[in-house]
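Have a look at the structure below, then the notes.
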Amino acid sequence: MHHASEIRFHDVNFDGDGSFETYTAYGQSKTANIYMANEIERRYGSRGLHALSLHPGATPTHMTQQEAFDNDAIRARLGEEAFQGIVRGLKSPPQGAATTVYAALSKDWEGKGGRHLAGCAEAGPTPVGSVPCLIGPGYAPWAYDEEKAARLWRESCKMVGAEDGA
Numbered sequence: 000m001h002h003a004s005e006i007r008f009h010d011v012n013f014d015g016d017g018s019f020e021t022y023t024a025y026g027q028s029k030t031a032n033i034y035m036a037n038e039i040e041r042r043y044g045s046r047g048l049h050a051l052s053l054h055p056g057a058t059p060t061h062m063t064q065q066e067a068f069d070n071d072a073i074r075a076r077l078g079e080e081a082f083q084g085i086v087r088g089l090k091s092p093p094q095g096a097a098t099t100v101y102a103a104l105s106k107d108w109e110g111k112g113g114r115h116l117a118g119c120a121e122a123g124p125t126p127v128g129s130v131p132c133l134i135g136p137g138y139a140p141w142a143y144d145e146e147k148a149a150r151l152w153r154e155s156c157k158m159v160g161a162e163d164g165a
């Protein structure tokens, strides 16, 4: 879902009149998860603290049944073909949990971090020329932007009154 938005540094909280849009806000939060995991790895990986980000896949959970995730709105944003692809690719909740469990317990990721996982494996880039889907495979071109990840870290520290040190 991080494909829906980069970080809107000019208005991260969507304070501007009419600036809030569900998919953009949710997408920004997923991009922020990737950036923070990557920045944790850059800052603390050499000291044994590691972080991964992941996409569990689309699951028909309570969240997706909320008005904000209206099927008609998703269909309008993505188009019918992409929407049907999502429907065909829905995972059960246990299937959706698999990548999280894999990341937490697999020896494959012991002592490693700063990577984005999907489908119980490291995700590659979204294929060139593909229609970026909100829940599609791979990571968006901005997912490994070190400068933006560092900026998000600094601004997040400032927002919560924490020191920026590593």
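Under numbering that gives the first Met the number 0, the first residue of the sequence shown is numbered 0, with each subsequent residue one higher. In this text, a Cβ means the ideal position worked out from N, Cα and C, and glycines have one as well. From a predicted model like this one, the values you see are computed outputs, not experimental measurements.
Residue j beta carbon less than 8 Å from that of residue i
i: R150; j: F8; result: yes
i: A36; j: G113; result: yes
i: A220; j: H49; result: For the chain, the structure presents residues 0 to 165; residue 220 sits outside this window and is missing.
i: G137; j: G123; result: yes
i: K90; j: A117; result: no
i: T98; j: P59; result: no
i: I33; j: A142; result: yes
i: L53; j: W108; result: no
i: K157; j: I6; result: no
Residues near residue i by beta carbon distance below 8 Å, same chain, minus five either side
i: A3; result: Y22, T23, Y25, G26, Q27, K29 and L133
i: G47; result: G110
i: A102; result: L51, L53, W108 and L116
i: E162; result: C156
i: D10; result: S18
Collapsed DSSP secondary structure at residue i in the structure displayed
i: E20; result: coil
i: L53; result: strand
i: E154; result: helix
i: E38; result: helix
i: E121; result: strand
i: Y25; result: helix
i: Y143; result: coil
Same chain only: Cβ atoms within 6 Å of residue i, ignoring 5 sequence neighbours per side
i: F19; result: F13
i: Q83; result: none
i: R41; result: none
i: R74; result: F82
Residue-level contact to chain D via CB, residue i, 8 Å cutoff
i: H49; result: Among the protein chains of the structure shown there is no chain D, as only one such chain exists.
Same chain only: Cβ atoms within 7 Å of residue i, ignoring 5 sequence neighbours per side
i: G44; result: G112 and G113
Can you give, in chain order, each stretch of the alpha helix (DSSP H) that sits fully within the stretch 77-119 and has at least 4 residues?
79-87 and 92-104
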